[in-house]
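Order-wise, the sequence lines are chains A and B. Taken in order, the first sequence gives residues 8 to 67; the numbers are from this note's numbering. Taken in order, the second sequence gives residues 0 to 789; the numbers are from this note's numbering. Every residue gets a Cβ at the ideal spot worked out from N, C-alpha and C, and that includes glycine. Report on one structure; see the data block that follows.
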Amino acid sequence: MSVIYILLAISIIVAIVFFIAFLLAVRKGQYDDSYTPSVRMLFEDELVTTNKETLTTEND
Amino acid sequence: MGHKNCFHCGDSCKNDTLFFDDKYFCCNGCKTVYEIFSENDLTCYYDMQQSPGATPKEVEGKYDFLSNKNIIDKLTEFNDGNTQIVTLTIPHIHCSSCIWVLENLNKLNKGVTASQVNFGKKTIHITYKANVISLKDLVLLLSRIGYEPYISLEDYNTGKSTINRTLIYKLGIAGFAFGNVMFLSFPEYFELEEYWLEQYKHLFRWLMFGFSLPVVFYAGKDYFTSAYKGLKSKILNIDVPIALGLLVLFVRSTIEIMFDLGSGFFDSLTGLVFFLLLGKFFQQKTYAFLSFERDYKSYFPIAVTKLANGTETPIQVYDIKKGDRLLIRNEELIPVDGILINGNANIDYSFVTGESQAVKKQSGDKLFAGGKQTTGSMEMEALKSVEQSYLTQLWSNDVFNTNKEDKFTTLTNTISKRFTIAVLSIAIVATLYWLFTDASKAMNVFTAVLIIACPCAIALAAPFTLGNMLRIFGKLKFYIKNASVIEQLAQINTIIFDKTGTITSNKQTQVSYSGTQLSASEEVLLKSTLRSSNHPLSRALYDILDQHNIVSLNRYEEHLGQGLYGTHGNNSIKIGSASFVGQPQTTAELSTAVHISTNNTYKGKYTFYNAYRKGLSKLFHKLKPDYDLAILSGDNNSEQENLKKLLPSKTKLIFNQKPDDKLDYIKYHQSEGAKVLMVGDGLNDAGALAQSDVGIAISENINVFSPACDAILDASKLNQLYAYIKASQSAIKIIKWSFVFSLCYNLIGLYFAVTGQLMPVIAAILMPLSSISIVVFTTVATNILGKKLN
């Protein structure tokens, strides 16, 4: 049953890894602006479509 | 052709519609922006949002000061000579198209390496190569595409701002520890006499101890310091019983696991801190794009143009000395008091007084800081430095250095005094009782009482109720600085209003005509002549006149600051000041008037009145039974008769009030015990807003800056003021009811504590249960309140 020591150690390490990830995220400023990223992530597609359009017109 | 809306900005195209690329544009500016975007493959801008743009303004020479090295150093966050990083505030940011185009700035100029928008704060963070594009060029580029940054004196002083993220860290740590401790303590809740559990429980307990350390010493630190500060100034605030509870929880639990007496209360301890911080976080609703701390600095420019020996040099406004010759361009703000030397001065003092009608000044007239030049450029001589100017002097008053929150005792702190005394006496009585019956349990009972009576639910009632009210008010365009303002608003008994810009509207004016009736052809001529002028009075009058056919004029002249002259066929018309149309100036006129003469015969005049906001009279009559009402105006008493008709008879009307008169008036009433709500708008109300118990700034456009205040109310919602005050009072009632509920929980808990049978599992159930039920109750109750407001 001493395996519980290993299990505890692993579970706590995993928890601490996530905790550190959280701290890094806060430090990088991910919690400073909770609105703009939600809009920004929708942009990528739009950019691609314009590029394609311009490409096709050029090819024509 | 019908009515077309501009493809770029959405305004209706009135005069000269431009047709380009199958799209309509209202002006050349809008068309140019479209051209820039279409050349650079950025027309996607128009796909996301219909007509998202703004018409670019004339900025020639306005940003010359940005070539000054010192100013660049102050404004940039990072500057190694080549790469520079700057954060600019852009008030026009309002939709996803704005974010998109601003984050694609590098397509417009290769010098920009990265740009990131913060939508909530309406700022853009730009990294650029200074040898490709200078800061000045960058600002000009932004202005050219309709996103003119707002650079004020405030940026100059603060420069780099740091964001305070401690609360998020603390909340994260408390939540992390709470979750893990909950897991680790779970097996022992059932008290199974099991072999494995017996063997490993010590390990589990010491792990819990380890998790609780950062919670007590980092996350819960504020409660100890606040309690200490409170005790030092002899106030029993709510943090005293909380700190006591935390301390007892931690010490008792540590002793228990040390001597193997029990499993301790680490679950309740971490949970308690987590819930308390959650309450704090919830209450901390901030409107990133609004500032409640503004003073003149956020209105004033960083630099102006100084004229010396025929050369123009940008000069930092703090460096302006008496006697300096300054050039003020169109749309620029006058930074210091001075004398007009030459040029057409038409000064808009709306920042200062709320009065939007520009004032005409002659050479030699005195100019006051805070006015905005509206017609062309002018030259002036400084008479004072920035700090000594008439307007800015107001900020040397002590009111601006005292914190209103410190003076106010919140409801929670009022109740916590009695609560703490009651808890301590119960603890002592119970301990004494057990000392005589079973001395071994006495210490146990003493600590149990302090643990269970820890006023978690009481401490949560106010933050959740008020935090939710802040959100509800925010949706209704009533933006409040912090939660304690709602409590203060509920106690108000006197309401004082500013007049111009507050109860009158800046946009709408009422016009009445007196004189000989104009014939139909004269009216056509009048309207056609007005159409060509951009003067605010002409625009206002043009919009009010009936629709007529527009005729093209044979001749049109605009005499700046005097009037307009137009001819059509054999008829001529003069529109403007009395002297311009050939009418002797009548006795000092109090209100603004536009005189008309046709073919050199005087016809009459249009008089402009302030239009009062909708529902004003109704609002005052609703407020009348419960509050003392007064109007403090900086203007003359030309409107007195009108106001008397409109408002309840006992409303006090006081005119000709200087900024510090307003402040003193409020101070005087406060000394007589009145709780004053001041409703104002301009910088001249700033002193009164700061002195009052609650200062509300009225704003027609919340993106435009309002002076320092406790709350900002959208002008269209002024008529709801009564409902908002009543809602704050209901919110206080909700808090009181929550206190009653949480006291019930405390009584149940105290029963277990006093009888000496408090198990960790009971504490672990009771603490979250009471907290969560209070949160649910306050949230539901405030939402019902919010529904009623809608």
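Top-ranked residue by Cα proximity to residue i, from the options
| i | options | result |
| --- | --- | --- |
| B:A689 | B:L676, B:N329, B:E699 and B:N700 | B:L676 |
| B:L260 | B:N443, B:L423, B:S96 and B:L268 | B:N443 |
| B:D221 | B:L245, B:Y199 and B:M207 | B:L245 |
| B:I502 | B:K360, B:L366 and B:L646 | B:L646 |
| B:C708 | B:N683, B:G369 and B:I724 | B:N683 |
| B:I711 | B:N789, B:N481 and B:N745 | B:N481 |
| A:L49 | B:L65, B:T82, B:C26 and B:E102 | B:E102 |
| B:S95 | B:V116, B:I84, B:V111 and B:A685 | B:V116 |
| B:L810 | B:T777, B:N569, B:K617 and B:L206 | With chain B represented from 0 up to 789, any question about residue 810 of chain B goes unanswered, as that position is not in the structure. |
| B:W394 | B:P759, B:Y295, B:G785 and B:G337 | B:Y295 |
| B:K787 | B:A629, B:F740, B:Y723 and B:A302 | B:Y723 |
| B:I572 | B:S504, B:F189 and B:N598 | B:N598 |
| B:S50 | B:A726, B:N39, B:K169 and B:Y33 | B:Y33 |
| B:T82 | B:L742, B:L536 and B:K128 | B:K128 |
| B:S691 | B:Q669, B:L183, B:R164 and B:Y188 | B:Q669 |
| B:S114 | B:Y601, B:I125 and B:Q387 | B:I125 |
| B:I314 | B:E330, B:S637 and B:V335 | B:V335 |
Three-state secondary structure (DSSP) of residue i
| i | result |
| --- | --- |
| B:S698 | strand |
| B:M181 | helix |
| B:P55 | coil |
| B:R530 | helix |
| B:A421 | helix |
| B:H567 | strand |
| A:A28 | helix |
| B:E153 | helix |
| B:E76 | strand |
| B:T586 | In this prediction, B:T586 scores a pLDDT of 49, lower than 50, which makes its location untrustworthy; no coordinate-derived value is stated. |
| B:Q372 | strand |
| B:M766 | helix |
| B:E38 | helix |
| B:I254 | helix |
| B:G158 | Its pLDDT being 47, under 50, B:G158 is placed unreliably in this model, and the value from its coordinates should be taken loosely. B:G158: coil per DSSP, three-state reduction. |
| B:E556 | strand |
| B:D713 | strand |
| B:H175 | It should be pointed out that residue 175 of chain B corresponds to Phe in this sequence rather than to His. DSSP places B:F175 in helix when its eight states are reduced to three. |
| B:F19 | strand |
| B:H201 | helix |
| B:L107 | coil |
| B:M677 | strand |
| B:H668 | helix |
| B:Q728 | helix |
| B:Q48 | coil |
| A:M48 | coil |
| B:I71 | helix |
Contacts that residue i makes with chain A (C-beta to C-beta distance below 9 angstroms)
| i | result |
| --- | --- |
| B:R164 | V33, R34, G36, Y38 and D39 |
Residue i beta carbon near the ligand FAD (any heavy atom closer than 7 angstroms)
| i | result |
| --- | --- |
| B:F418 | This structure does not include the ligand FAD; it has no bound ligands of any sort. |
Proximal chain A residues relative to residue i, where beta-carbon distance stays under 7 angstroms
| i | result |
| --- | --- |
| B:S95 | V46 |
| B:I98 | T43, V46 and R47 |
| B:N179 | A22 |
| B:I167 | V33 and Y38 |
| B:Y217 | Ordered by position in chain A, no residue passes the 7 angstroms Cβ test against B:Y217, which lies about 12 angstroms from the chain. |
| B:Y45 | Within 7 angstroms Cβ-Cβ: nothing; B:Y45 doesn't reach chain A, min ~11 angstroms. |
| B:F189 | Result: empty, since nearest Cβ-Cβ is about 18 angstroms, beyond 7 angstroms. |
Cross-chain neighbours of residue i in chain A, by beta carbon under 8 angstroms
| i | result |
| --- | --- |
| B:N117 | D39, D40 and T43 |
| B:E102 | R47 and F50 |
| B:Y33 | Within chain A, no residue comes near B:Y33; the closest Cβ sits about 15 angstroms away, beyond 8 angstroms. |
| B:F18 | Here the premise fails: no neighbours, minimum Cβ distance about 22 angstroms. |
Residues bridged to residue i (per DSSP)
| i | result |
| --- | --- |
| B:D627 | B:T493 |
| B:Q83 | B:N78 and B:Y127 |
| B:S114 | B:I125 |
| B:D347 | B:K371 |
| B:S504 | B:A610 |
| B:V693 | B:L676 |
Min CB distance residue i to chain C below 8 angstroms
| i | result |
| --- | --- |
| B:G171 | Of the chains in the structure shown, none is chain C; the protein chains are A and B. |
(request) Identify each residue in the segment 10-26 of chain A for which the Cβ-Cβ distance to at least one residue of chain B is less than 7 angstroms, and report them in chain order. (result) Across the segment 10-26 of chain A, CB contacts with chain B closer than 7 angstroms involve I11, A22 and F26, in sequence order along the chain.
(message) Please list, in chain order, the residues of the segment 136-155 of chain B that have any C-beta partner in chain A closer than 9 angstroms.
(response) Against chain A - using a Cβ distance shorter than 9 angstroms - the segment 136-155 of chain B contributes no residues.
(message) Residues of the segment 468-492 of chain B in Cβ contact with chain A at a cutoff of 9 angstroms, in chain order, please.
(response) Against chain A - using a Cβ distance shorter than 9 angstroms - the segment 468-492 of chain B contributes no residues.
(message) Residues of the segment 192-215 of chain B in Cβ contact with chain A at a cutoff of 8 angstroms, in chain order, please.
(response) Residues of the segment 192-215 of chain B with a C-beta atom less than 8 angstroms from some C-beta of chain A are W195, Q198, Y199, L202 and L206, listed in chain order.
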